[in-house]
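Per our numbering, residue 212 is the first one in the sequence shown, and the count goes up by one each step. Input: a single structure, listed below in structure tokens.
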Amino acid sequence: MIRQLREDTRAMCERDPAATGCLGVALCYSGLHAVWAHRISHRLWNAGFELLARVFSQLVRFLTGVEIHPGASIGRRLTIDHGMGVVIGETADIGDDVHMYHGVTLGGDTNEPVKRHPTLEDGVQVGANATLLGDITVGENAAVGAGSVVTGDVESETTVVGVPAEPVE
């Protein structure tokens, strides 16, 4: 667990040019705190303590401004820069080394009990206030521009921008 905390902190230090030191990042970055807390709530959720997991995640939301449903699956080294307003839904699946900014929504598009939130593969970057909706996949090392609305799959190594989001060169 300590190794994972260090790994997460190091990833944030590497990705944020404003970071002045890893101790400051570990103590002051709400996005990082939300990811760490999610690891606890996710374990509770998977152990069958769903209500406790939801209550804990809502406390974390109140404290950090980041809402991550305990059912969401998050890989290693997720970094959330300026996390306020980030919402990650229950069936979201996030790979390793994903970086997102404030206001990102990984939302659902149905009320049915199915996979209804996005999958972000390894190395994806998501800009501020981007909205990704539904059971879509954003491929490895793809980028979603700030303010974009994504409702369809994004190929690996592709950058999409706009409303609706479209690939750019």
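Here a beta-carbon is modelled for each residue, glycine too, at the ideal position from N, C-alpha and C.
Between A357, A354 and H249, which has its C-alpha nearest A283's C-alpha?
Closest by C-alpha distance to A283, out of A357, A354 and H249, is H249.
Rounded straight-line distance, which links the Cα of V349 to that of A357:
Distance from the CA of A357 to the CA of V349, rounded to the nearest whole angstrom, comes to 15 angstroms.
Cβ pair I305, L331 closer than 8 angstroms
yes
Mind checking whether E368 and A353 have CB atoms under 8 angstroms apart?
yes
State the beta-bridge partners of V337 as determined by DSSP.
M311 and V355
What's the gap between the Cα of N257 and the Cα of E351?
26 angstroms
Alpha carbon to alpha carbon, how far is V277 from G338? Give it in angstroms, no decimals.
15 angstroms
Inspect the beta-carbon positions of S268 and S252 and report whether they are closer than 8 angstroms.
yes
Figure out for me which residue from R288, D307, R287 and V271 has the closest Cα to the Cα of M295.
From the listed residues R288, D307, R287 and V271, the smallest Cα separation to M295 is found for V271.
Rounded to the nearest angstrom, what separates G363 and P228 at their Cα positions?
31 angstroms
Can you look up L402 in the DSSP assignment and give me helix, strand or coil?
Residue numbering for the chain in the displayed model covers 212 to 380; residue 402 lies beyond these limits and cannot be assessed.
Taking 6 angstroms as the limit between beta carbons, can you name the residues of its chain near V315, skipping five residues before and five after?
V297, V337 and A341
Measuring alpha carbon to alpha carbon, tell me which residue in G345, A237 and G318 is nearest E218.
A237
Cβ distance (whole Å) where C226 is taken to contact H310 below 8 angstroms
In the sequence as presented, Cys is not what sits at residue 226; that position holds Arg. So it is a contact: roughly 5 angstroms between Cβ atoms.
Residue nearest to D320 in terms of C-alpha spacing, selected from F273, A245 and E301
E301
So which of L263, M223, H313 and A264 has the shortest CA-CA distance to R287?
M223
S359 and V158 - do their beta-carbons sit closer together than 8 angstroms?
Because the chain spans 212 through 380 in this model, residue 158 falls outside it and cannot be assessed.
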